[in-house]
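Just so you know, we're using the numbering used here here: the sequence shown kicks off at 1 and counts up by one.
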Amino acid sequence: MRTKPSIWNRLFIGLVFLFLYAPIFVLIVFSFNASNSRSIWAGFSLHWYVELFQDQQILDALYTTLAVSLLAALIATVAGTFSAIGFYNMRRRWRTPLMTINNIPMVNADIVTGVSLCLFFVAAFGLWEQAASWLNDTLGTALPERLYLGFGTMLIAHIMFNIPYVILSVMPKLRQMDKNLVDAAQDLGCTWMQAFWKVVVPEIKPGIVNGLLIAFTMSVDDFVISYFTAGSSTANLAMRIYAMTKKRISPEVNAVSTLLFVAVLTLLIIINVREARQEKAEARRASL
């Protein structure tokens, strides 16, 4: 028999949530403030949202964020799905250590990952400069000798840290799938590729979609790794907000932070609702 939580437990939980979300609530409220004050309410207004969408730097950062997040999520979903299938078909003695390695980027500190990727790109660019210089002198080619951190390096970094999340989203669906389905499809005349698209993909589709949504959310929300891999010519929305806070804080920061919070919250709600529906569907099938 379940016991109801006491009033003290409920009060403690309420205080914890208040501590976590009160600053965000204040930020959202003052994003609609008519004045630029951060402490005095002067009336409801959408002025700062209008100013936000007229700020070209913010719009450029938003475009960069969406472009990187969408591309990174799509590429990481494809790579992570095929990697998960490869792990699933491995023997346990190989799969277990490789899955442990796959989990390292998720538990590793973002600052360590960001600095490591930055140093890797710098070293790779140095090797490219030497190779391109030799090819240009020897073969007369016109390869660019100097490469810089920018959109491409940030995209590669986002793909790298998104792949483990996709793998962990797809693997449970592969374990739930009947191993005989592919053999049955091939016995009925399907090629391996037809069996993959018509049998395997529909079975693991919920995991693929969840992995895609999580990867997109992680990319939109990332700051530390982007900061170390974007260089000086590219900035996503999180980096632009950080740059704005270095100067006199404008209420535009409140507005853009509110929109970012709502976007991430919406994606998380979608993910949780999908997972809840999947669990109910699986429980319903198990009871039949």
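Where is the CB? At the ideal position from N, CA and C, for every residue including glycine.
- Counting along the chain, Gln-56 sits inside the alpha helix (DSSP H) bounded by residues 56 to 88.
- Counting other Cβ atoms within 10 Å of its Cβ, Asn-89 stays below 16 and is therefore classed as exposed.
- Within the segment 173 to 235, the runs of alpha helix (DSSP H) at least 4 residues long that lie entirely inside it are, in chain order, 180 to 187, 192 to 195, 201 to 221 and 224 to 229.
- The alpha-carbon of His-158 is positioned some 23 Å away from that of Arg-146.
- With 16 or more other Cβ atoms from the protein chains shown falling within 10 Å of its own Cβ, Arg-240 counts as buried.
- Residue pairing for Phe-44: DSSP places it in a beta bridge opposite Asn-33.
- Lys-173 counts as buried, since at least 16 other C-beta atoms from the protein chains shown sit within 10 angstroms of its C-beta.
- Cβ contact annotation for Thr-141 (same chain, cutoff 7 Å, sequence separation greater than five): Leu-135, in chain order.
- Per the C-alpha coordinates, the member of Leu-74, Leu-20, Ser-233 and Val-253 positioned closest to Thr-64 is Ser-233.
- In this structure, Pro-251 is the residue among Glu-129, Pro-97 and Pro-251 with its C-alpha nearest to the C-alpha of Phe-30.
- Going by DSSP, Tyr-242 is part of the alpha helix (DSSP H) stretching over 237 to 246.
- For Tyr-148, the secondary structure class from DSSP, reduced to helix, strand or coil, is coil.
- Boundaries of the alpha helix (DSSP H) harbouring Thr-138: 110 to 139, taken from the DSSP string.
- Residue burial annotation: Trp-192 is exposed, with fewer than 16 other C-beta atoms found within 10 angstroms of its C-beta.
- Separation of the CB atoms of Leu-213 and Ile-271 is rounded to 5 Å, and the pair is thereby assigned contact status at 8 Å.
- For Val-182, the closest C-alpha among the options Val-166, Val-199 and Gly-189 is that of Val-199.
- For the set Val-166, Val-122 and Glu-129, the Cα lying nearest the Cα of Thr-153 is the one of Val-122.
- Here Arg-95 is not near Phe-82, since their CB atoms are 8 Å or more apart.
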